[in-house]
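S.K.: Quick one: the structure is below, questions incoming.
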Amino acid sequence: MNILTKIFLIFILLALVAILFTLGSRILTPGTNNLDMETPGPAIENNGMHQLPQPNTDGTMSLEKALSQRRSVRSYTHESLSLSQLSQLLWAAQGITSERGFRTAPSAGATFPLEMFVVAQNVSGLGKGIYHYHPHENQLELLREADVSEALFRACLSQSMILDAAAVLVFAAIFERTTNRYGERGERYVYNEIGHASQNVHLQVESLGLGTVVIGAYRDQEVEEVLELGEEYRVLYLMPVGKP
Ligand SMILES: Cc1cc2nc3c(=O)[nH]c(=O)nc-3n(C[C@H](O)[C@H](O)[C@H](O)COP(=O)(O)O)c2cc1C
């Protein structure tokens with residue numbers, strides 16, 4: 009083998025090592041940029057935690073248009089909701105918008121009594137079940153794999169939107185977080201906050217071209233039994249969401 013052939017072979021070997029090294033590091037490094045992708049893949053599941061796509065903070069519909077078009081919508085097609093859409097709705101309700109942990113909706117004394125749950129019925133990348141939103145991590149925690157649509161429908165006085173929705177957003181509160189600071193008046197503040205958060209969702213739904221309605225007419229105890237959220241939570245509102 010002459011010297012030129014040897015140099016050529018060493019060059020090829022080095023090139024191969026470089027290619028393998030680059031490929032290997034891509035495979036081994038967690039996909040930290042996944043959230044930035046325009047079309048996110050299925051949620052990454054890890055001990056029941058699903059990472060949500062990064063919410064968009066610069067949408068195209070003006071606030072005035074969303075306000076003027078907002079309407080209660082009670083019938084939906086059977087189209088699924090994407091994980092990005094669900095992420096956007098949860099962010100509108102309670103997303104973190106400051107380094108101090110403040111959110112899209114105001115909170116009396118920053119006591120943050122609200123917790124968001126999701127009944128996923130037809131969400132791409134998520135199995136049917138009940139999930140808890142963790143706003144700081146932008147994650148959804150699977151609490152229970154179950155199809156509770158029929159039971160929830162009955163608890164909501166047979167309002168058909170519950171059956172037809174791709175997902176039902178459940179607004180719950182831990183009153184003590186606020187009443188511990190403000191006493192009885194804190195109860196009023198919790199109801200005020202539900203109004204802020206649900207209106208945010210209503211407008212976000214509008215800007216995504218989806219449909220929703222707030223549901224306040226339901227049997228409290230029955231809904232809480234169906235969802236099994238835990239003694240500390242009071243369910244205050246439900247918002248079924250689907251494609252009109
Ligand atoms: C506190 C509250 C509870 C409501 N509960 C229900 C409900 O259980 N079912 C329903 O179909 N609509 C419910 N709605 C929606 C109202 O019926 C609706 O907002 C009203 O008809 C006005 O229509 P719009 O939302 O399109 O402006 C509720 C609204 C509020 C503010």
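Okay, so the sequence shown: first residue is 9 according to my numbering, each after it adds one. Ideal Cβ placement from N, Cα and C applies to all residues, glycine included.
1) Nearest to Glu145 by alpha carbon, out of Leu235, Val126, Ser157, Gly103?
2) Quick check: what's the CA-CA separation for Thr220 versus Val243?
3) Which runs of the alpha helix (DSSP H) at least 4 residues long sit entirely within the stretch 106-170? Give them in chain order.
4) Any heavy atom of ligand 1 within a distance shorter than 8 Å of the CB on Gly178?
5) Is the closest heavy atom of ligand 1 to the C-beta of Val234 under 8 Å?
6) Go through its chain and collect everything with a Cβ distance to Ile202's Cβ below 8 Å, but skip five positions before and after it.
7) Tell me, please, which residues DSSP counts as bridged to Val221.
8) Which whole-angstrom value describes the C-beta separation of Val131 and Leu171, a residue pair presumed to lie in contact below a C-beta threshold of 8 Å?
9) For Val156, tell me which candidate among Leu94, Glu230, Gly191, Tyr197 has the shortest Cα-Cα distance.
10) According to DSSP, which residues form a beta bridge with Val249?
11) Under 8 Å: does the beta carbon of Tyr84 sit that close to some heavy atom of ligand 3?
12) Would Lys251 pass as a contact of Tyr139 if the rule is Cβ separation under 9 Å?
13) Hey, Ser215 and Gly67: beta-carbon distance below 9 Å or not?
14) Buried or exposed: which applies to Gly194, given that a residue is buried once 16 or more other Cβ atoms fall within 10 Å of its Cβ?
15) Looking at the strands, I want to know which residues DSSP matches up with Val243.
M.R.: The short version:
1) If you compare the alpha carbons of Leu235, Val126, Ser157, Gly103 with that of Glu145, the shortest gap goes to Gly103.
2) Rounded to whole angstroms, Thr220 to Val243 spans 18 Å at the Cα level.
3) Qualifying alpha helix (DSSP H) stretches, in chain order: 157-163.
4) Position check: residue 178 holds Val in this sequence, whereas Gly was assumed. False, no ligand heavy atom lies under 8 Å from that Cβ.
5) Val234: no, Cβ never under 8 Å from ligand 1.
6) Leu122, Phe179, Ala181, Leu244, Tyr245.
7) For Val221, DSSP records no beta bridge to any residue.
8) Wrong, their Cβ atoms sit about 15 Å apart, outside the cutoff.
9) Comparing Cα positions, the closest option is Glu230.
10) Val249 pairs with Ala175, Thr220.
11) You won't find ligand 3 in this model; what it holds is ligand 1.
12) Not in contact: Lys251 and Tyr139 (Cβ atoms no closer than 9 Å).
13) Yes, the Cβ-Cβ distance between Ser215 and Gly67 is below 9 Å.
14) Flag for Gly194 reads buried.
15) Beta-bridge partners of Val243 (DSSP): Ala180.
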